[in-house]
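One structure is given below, encoded as structure tokens.
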Amino acid sequence: MSDDKRAEDGWPPLYKSEIFREGPPTAAGLNAVSVEQGLEVFSGAATARRARPKRTYLEPARELPVFAETDVLVVGGGPAGTAAAIAAARLGADVLLVERYNHLGGLSTGGLVIWIDRMSDWTGRHIIRGIANELLERLPTGAVQGPKRSDWGCKDAATAAYWAQRTAAFHGIVTWSPTVDPEALKTLSMQMVVEAKVRLLLHAWATAPILEGNAVKGAIFESKEGRHAVFAKVVIDTTGDADLIARTHASLESDIDEGDIHHCINTAFLLAGVDMERWLAFRRDEPEGFSQFMAQGRKKLSFFEKPFVSWRNDIALFMGPRLAGYSAVNVDDLSAVEVRSRQLAVGHLEIYRTAAPGFANAFLMLGAPQIGVRHSRRLNGLRKVTRQQWDTGKVWSDEIGVSTSLSPKFPNISVPYGALVPAELDNILGAGRHVACDANSHTFLREIPQCWLTGQAAGVAAALAAGAGTSPRAMDVQAIQRELLRQGAYLSPAVATAFNPASAAE
Ligand SMILES: Cc1cc2nc3c(=O)[nH]c(=O)nc-3n(C[C@H](O)[C@H](O)[C@H](O)COP(=O)(O)OP(=O)(O)OC[C@H]3O[C@@H](n4cnc5c(N)ncnc54)[C@H](O)[C@@H]3O)c2cc1C
Numbered sequence: 044m045s046d047d048k049r050a051e052d053g054w055p056p057l058y059k060s061e062i063f064r065e066g067p068p069t070a071a072g073l074n075a076v077s078v079e080q081g082l083e084v085f086s087g088a089a090t091a092r093r094a095r096p097k098r099t100y101l102e103p104a105r106e107l108p109v110f111a112e113t114d115v116l117v118v119g120g121g122p123a124g125t126a127a128a129i130a131a132a133r134l135g136a137d138v139l140l141v142e143r144y145n146h147l148g149g150l151s152t153g154g155l156v157i158w159i160d161r162m163s164d165w166t167g168r169h170i171i172r173g174i175a176n177e178l179l180e181r182l183p184t185g186a187v188q189g190p191k192r193s194d195w196g197c198k199d200a201a202t203a204a205y206w207a208q209r210t211a212a213f214h215g216i217v218t219w220s221p222t223v224d225p226e227a228l229k230t231l232s233m234q235m236v237v238e239a240k241v242r243l244l245l246h247a248w249a250t251a252p253i254l255e256g257n258a259v260k261g262a263i264f265e266s267k268e269g270r271h272a273v274f275a276k277v278v279i280d281t282t283g284d285a286d287l288i289a290r291t292h293a294s295l296e297s298d299i300d301e302g303d304i305h306h307c308i309n310t311a312f313l314l315a316g317v318d319m320e321r322w323l324a325f326r327r328d329e330p331e332g333f334s335q336f337m338a339q340g341r342k343k344l345s346f347f348e349k350p351f352v353s354w355r356n357d358i359a360l361f362m363g364p365r366l367a368g369y370s371a372v373n374v375d376d377l378s379a380v381e382v383r384s385r386q387l388a389v390g391h392l393e394i395y396r397t398a399a400p401g402f403a404n405a406f407l408m409l410g411a412p413q414i415g416v417r418h419s420r421r422l423n424g425l426r427k428v429t430r431q432q433w434d435t436g437k438v439w440s441d442e443i444g445v446s447t448s449l450s451p452k453f454p455n456i457s458v459p460y461g462a463l464v465p466a467e468l469d470n471i472l473g474a475g476r477h478v479a480c481d482a483n484s485h486t487f488l489r490e491i492p493q494c495w496l497t498g499q500a501a502g503v504a505a506a507l508a509a510g511a512g513t514s515p516r517a518m519d520v521q522a523i524q525r526e527l528l529r530q531g532a533y534l535s536p537a538v539a540t541a542f543n544p545a546s547a548a549e
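What follows is the structure, encoded as structure tokens:
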């Protein structure tokens, strides 16, 4: 394709300088783009979505072979599903984990979201532990980059300034929020699942729940072999989009906070062959040059991102530009986001190679295999984390974990078991980025550590419920809490003290 033709279609020419002399590219078919809060806001869903025929097709009913009967069926092998499967299997449950791709870790690996958000609170206390901690501790040396334990909570200006450039200091406080090697995390997630004796089923896409009244009895999945049914005592939906729950009569929430990025979609990418220390020095020491560079990038591309550090100096992480206004559960929109994200990735490569210190030899190492969906649907749960809770420091009696808050002005956030239990369904739990919360609280409850946290709790609850022959909603919450503590999770002192009076001192 000629460069003229590429530009006409919204694609920057490859490996050429001054590629956008004519101004920012307009993406073909995405013509209703406006600039708001640094996000590319798409307001023309009708343009991306072609009209669909009105007719329908009546699929004949058919008998399905049963693939397995299991104690716990976990659907979706992202951070939440991986933790759920491991936690349940460690309690002796027979666990089947179904994942549509060829790896575990979901967005934290396949989505290249390799910046693991805060697991220490603003005082430096390590509050997201359990399987989250085990994963980070077991990653090989060199696969995790972050501050040492003794620096968590540190307010020393120089230390905080150093880590602020490297994903691990906010509001002048150093936090435990490292970057990781996605391939190492894939390997370890798989290793831990196999060690726990989980039956792992990759390349299998769950399509529908098996329902009897309000009770979920299993799920149907599609694979190269066709359609199969799985029966389970308890099902855990960790698809990130509540795919199974969405195909029941249960209600879901999908309102968004338009002023926040929590609803944006885009496909992340890695540029390699870079010298990030050189880039960081430029950002730090040449503020004028830096702002000129960013202005130039914005002029050429409209939506222009700064790179994040990764686990290596020669690899830069880009988790944007963020695209708003698309639905993460509409296949036309998902396709449009992939096209636009790729155009923007190649556009970034051109601009950085041309003018960014440390990027002269950059190349596009990888566009994420998984699209970066921050939000689609959230459960209507028995309980819900809301913005009001942030101010109160409320500790739920059914707490299954504690999340860090958005800023030091808020206390830690207690996460209730009820946020994993769909109000209108039995035998199913939801964990990960679709737990029950309002749009504001979703901004942090969707983060990877919080997904490990809710996943582990769901796994424990499911295994105990399956073992006791009861429904997860009827579970004795103290039994779940006791087991979570035994598995190394952190609970607020007010809750943990019931099991171990010494923990009240923490
Ligand atoms: C661009 C971007 C930047 C982000 N930045 C950060 C950050 O800096 N730090 C941070 O901690 N978090 C960040 N997040 C949030 C975080 O990555 C996700 O919210 C988190 O990974 C969600 O975990 P999960 O297990 O709930 O879902 P996912 O990670 O989405 O995993 C769901 C898994 O289920 C599988 N699946 C889905 N549907 C089916 C099905 N029907 N059948 C079978 N398998 C299925 C998927 O393939 C996937 O593996 C970011 C997210 C995005 C998109």
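Take the position in the sequence shown, starting the count at 1, then add 43; the result is the number in this note's numbering.
We put the CB at the ideal spot given by N, CA and C, even for glycine.
Every value quoted in this text rests on a predicted model; they were computed, and no experiment measured them.
{"Query": "Contacts around E442, its chain only, beta-carbon distance under 8 Å, and the 5 residues preceding and following it disregarded", "Result": "S457, V458, P459, Y460, Q524, L534, S535, V538"}
{"Query": "Whole-angstrom distance between D376 and H246, CA atom to CA atom", "Result": "23 Å"}
{"Query": "Whole-angstrom distance between C480 and G124, CA atom to CA atom", "Result": "19 Å"}
{"Query": "DSSP bridge partner residues for Q568 (one or two, in chain order)", "Result": "A query on residue 568 cannot be resolved here, the shown segment of the chain reaching from 44 to 549 and no further."}
{"Query": "Where A272 sits in the DSSP three-state scheme", "Result": "strand"}
{"Query": "Nearest neighbour of A532, chosen from T497, S514, D286 [CA to CA]", "Result": "T497"}
{"Query": "Of the residues A104, A186, W248, G283, the one placed nearest I491, counting alpha carbons only", "Result": "G283"}
{"Query": "Straight-line Cα distance separating A272 from R143", "Result": "15 Å"}
{"Query": "Any 3 or more C-beta pairs closer than 8 Å across the stretch 367-375 and the stretch 297-310", "Result": "yes"}
{"Query": "Distance cut-off 7 Å: Y369 Cβ against heavy atoms of ligand 1", "Result": "no"}
{"Query": "Bridge partners - N470, DSSP secondary structure assignment", "Result": "Its beta-bridge partners do not exist; DSSP assigns none."}
{"Query": "Residues near N333 in its chain [Cβ-Cβ closer than 7 Å; skip 5 each side]", "Result": "According to the sequence provided, residue 333 is Phe. The question's Asn does not apply to it. Taken in chain order, the residues that qualify are F325, R326."}
{"Query": "Span of the alpha helix (DSSP H), counted from its first residue to its last, around A398", "Result": "374-398"}
{"Query": "Cβ-heavy atom distance, V259 to ligand 1, below 7 Å", "Result": "no"}
{"Query": "Inter-residue spacing [alpha-carbon to alpha-carbon] between M362 and T513", "Result": "42 Å"}
{"Query": "Spatial neighbours of V380 in its chain, beta-carbon cut-off 8 Å, leaving aside the 5 residues before and after", "Result": "I308, N309, T310, L366, Y369, I414"}
{"Query": "Any 3 or more C-beta pairs closer than 8 Å across the stretch 342-355 and the stretch 389-406", "Result": "yes"}
{"Query": "Residues that DSSP places opposite C480 in a beta bridge", "Result": "V428"}
{"Query": "Other residues of its chain near G66: CB distance less than 6 Å, five sequence neighbours each side excluded", "Result": "Its pLDDT being 33, under 50, G66 is placed unreliably in this model, and the coordinates cannot settle the point."}
{"Query": "Ligand 1 heavy atom lying under 7 Å from the CB of C197", "Result": "no"}
{"Query": "Opening and closing residue of the beta strand (DSSP E) in which S446 lies", "Result": "442-446"}
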